[in-house]
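Below is one structure; the comments refer to it alone.
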Amino acid sequence: MSTATIRNVLRGDGDRFVYIVSALAALNGLLFGFDTGIISGAFLFIQDSFVMSPLVEGIIVSGAMAGAAAGAAVGGQLADRLGRRRLILIAAIVFFVGSFTMAVAPTVPVLVAGRLIDGVAIGFASIVGPLYISEIAPPEIRGGLTSLNQLMVTTGILLSYFVNYAFADAGAWRWMLGAGMVPAVVLAIGILKMPESPRWLFEHGRTDEARAVLKRTRSGGVEQELDEIQETVETQSETGIRDLLAPWLRPALVVGLGLAVFQQITGINAVIYYAPTILESTGLGNVASILATVGIGTINVVMTVVAIMLVDRVGRRRLLLVGVGGMVATLAVLGTVFYLPGLEGGLGIIATISLMLFVSFFAIGLGPVFWLLISEIYPLSVRGSAMGLVTVANWGANLLVSLTFPVLTDGVGTSATFWLFGLCSLAGLVFVYRYVPETKGRTLEAIEDDLRQNISLAD
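For the sequence shown, the working numbering begins at 6 and goes up steadily by one.
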């Protein structure tokens, strides 16, 4: 979405409806981000309430990831069966229940159960948010609008940092975790104003409703787009989830699964989940560490806005190459800083700045572009299911990293852990260069047509 486009929306020159609907759908990302960030601050005080080993600490933090993997495993099929809109409502309700459970948890097992429930909702939201937006947005601004979901993820993280800071003096971790009920209610109310995806409506025989939605979200060319959707539906009438392994779909599957894993094993969520703990090791106290994470969260939001403004101009592939390359460099610096003795003082400042730069490079590359690409490169009939499969891989990798991070830092040290993430980032850079396509400005039907004609996605 360009700067000019944003100005037009604010002036009212554009079709406001598509922007409003996309913003409401992007609230799914807010749930995702809020849970990601809230545990980082709450965890400092949960440690004072319960006696835990490093493994148990990892289980508490990663409980949401396990739930998200489960939610993603069924979320894609539910999105295809129930519709995108209904699944968004279900996600909001489940997230509310999970947040309430964590807030009143008397024991570690109940706390973990609440994290699992929250995770299921996040798994739903992480699929249906970008999927819905990509199907309702016009091709020329689809990248920017779909990336709104990632902007809301970063906004949710930043909001959670402010909530953490507000309750830090009192050590009120229950209030921190229970605050997640608020964005869940906002999303549930917002969904009442949102239409169903026109592509899902058309595929289920509701052509008139699909046409009505397209008329509200397009300035023209509605009948032509309906014809393209109809041609795609007829072509893939026999396509099913098993066909994800077919040779013509394999390139898209490789790209999606590869980016899903690399987005996590490069260490971003380990940094987000454990940022206050990492910063505390540089000599900052609990409250000061949480305050420092507010700065990291702010940079995350700002750089995500930059990515949204560039993704439909610069393209998906270039942003990925710049972002992952920067992550390699900053992780090398972080590993070196934590390897040297005496983190207090100058080295502590370098560590904090390096963390901020690492998050910045993620925010312009792997953060938004991964979710955008997987919402673009799969055929309509299996789009929800394919995104579900890829998102399961993403959450599985997230679970692995968040569960093992405290064990790794305790076993091999923080510096070696950051260097390991750096090597993973370098492998990710090579993967992006060789396999990831450019989809800027193309219709979803045109992308699918290339796949069916065995035209390389990376060409």
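Every residue, glycine too, gets a C-beta built ideally from N, C-alpha and C.
With the cut-off set at 8 Å, would you say Gly-76 and Gly-124 are in Cβ contact?
Here residue 76 corresponds to residue number 71 of the sequence shown, with the count starting at 1. Here residue 124 corresponds to residue number 119 of the sequence shown, with the count starting at 1. Closer than 8 Å, so yes.
Beta-carbon separation of Ile-196 and Leu-94 under 8 Å?
For the purposes of this step, residue 196 is identified with residue 191 of the sequence shown, where counting begins at 1. For the purposes of this step, residue 94 is identified with residue 89 of the sequence shown, where counting begins at 1. Less than 8 Å divides the Cβ of Ile-196 from the Cβ of Leu-94.
Which of helix, strand or coil does DSSP assign to Glu-201?
Here residue 201 corresponds to residue number 196 of the sequence shown, with the count starting at 1. Coil.
Go through its chain and collect everything with a Cβ distance to Val-342's Cβ below 6 Å, but skip five positions before and after it.
Within the sequence shown, the letter at position 337 stands for residue 342. Once the five neighbours on either side are set aside, the close Cβ partners of Val-342 are Leu-352, Ile-355, Ala-356.
Label Phe-55 either buried or exposed according to how many other C-beta atoms from any shown protein chain fall within 10 Å of its C-beta, with 16 as the threshold for buried.
Working through the sequence shown from its first residue, we reach residue 55 at position 50. With fewer than 16 other Cβ atoms within 10 Å, it is exposed.
Span of the alpha helix (DSSP H), counted from its first residue to its last, around Val-3
Nothing can be reported for residue 3, as the shown portion of the chain is limited to 6 through 464.
Is Ile-98 near Asp-40, with beta carbons less than 8 Å apart?
Translated into positions along the sequence shown, residue 98 becomes position 93. Translated into positions along the sequence shown, residue 40 becomes position 35. Not a contact, by the Cβ cut-off of 8 Å.
Cα-Cα separation between Met-6 and Leu-150, rounded to whole angstroms:
For this step, residue 6 is matched to residue 1 along the sequence shown. For this step, residue 150 is matched to residue 145 along the sequence shown. For Met-6, the predicted structure reports a pLDDT of 44, less than 50, and the residue's modelled location is therefore unreliable. The matter cannot be settled from this model.
Measuring CA to CA, which of Ile-65, Phe-129, Asp-415 is closest to Leu-92?
Translated into positions along the sequence shown, residue 92 becomes position 87. The shortest C-alpha separation from Leu-92 is found at Phe-129.
Through-space distance from Leu-164 to Phe-37, alpha-carbon basis:
Here the question's residue 37 lines up with position 32 in the sequence shown. Here the question's residue 164 lines up with position 159 in the sequence shown. Between the C-alpha atoms of Phe-37 and Leu-164 there is a straight-line separation of about 12 Å.
Is the beta carbon of Gly-320 closer than 8 Å to that of Lys-445?
Looking up residue 445 in the sequence shown gives position 440. Looking up residue 320 in the sequence shown gives position 315. In this structure, Gly-320 lies closer than 8 Å to Lys-445 by Cβ.
Would you identify the three-state DSSP class for Ile-382, choosing helix, strand or coil?
Start at 1 with the first residue of the sequence shown, and residue 382 comes out as number 377. Three-state DSSP puts Ile-382 in coil, outside helix and strand.
Please report the distance separating the alpha-carbon of Val-79 from that of Leu-345.
For the purposes of this step, residue 79 is identified with residue 74 of the sequence shown, where counting begins at 1. For the purposes of this step, residue 345 is identified with residue 340 of the sequence shown, where counting begins at 1. In a straight line, the C-alpha of Val-79 is about 46 Å away from that of Leu-345.
Contacting residues, own chain, Cβ-Cβ under 7 Å from Gly-176 (five flanking each side not counted):
Walking along the sequence shown from the start, residue 176 turns up at place 171. Exclusion of the five residues before and after Gly-176 leaves Phe-50, Asp-53 as the residues of its chain whose Cβ lies within less than 7 Å of its Cβ.
Between Leu-336 and the rest of its own chain, which residues show a CB-CB distance below 8 Å, the 5 nearest in sequence each way excluded?
Along the sequence shown, read from residue 1 onward, the residue named residue 336 stands at position 331. Non-local C-beta neighbours of Leu-336 in its own chain, meaning closer than 8 Å and more than five positions away in sequence, comprise Thr-271, Gly-272, Phe-363, Phe-423, Trp-424, Phe-426, Gly-427, Ser-430, ordered along the chain.
Helix, strand or coil for Pro-59, going by three-state DSSP, please let me know.
The residue given as residue 59 occupies position 54 in the sequence shown. Reduced to three states, the DSSP call for Pro-59 is helix.
Runs of alpha helix (DSSP H) wholly within the segment 292-380 (minimum 4 residues, chain order):
List check, alpha helix (DSSP H) in window: 321-344, 351-369, 371-379.
For Gln-458, count neighbouring C-beta atoms within 10 Å of its own C-beta (all shown protein chains included) and say buried if the count is 16 or more, exposed if not.
For this step, residue 458 is matched to residue 453 along the sequence shown. Exposed, by the Cβ-count rule.
With three or more C-beta pairs closer than 8 Å as the rule, is the segment 62-69 touching the segment 220-236?
Touching, no, given that fewer than three Cβ pairs across the two stretches are closer than 8 Å.
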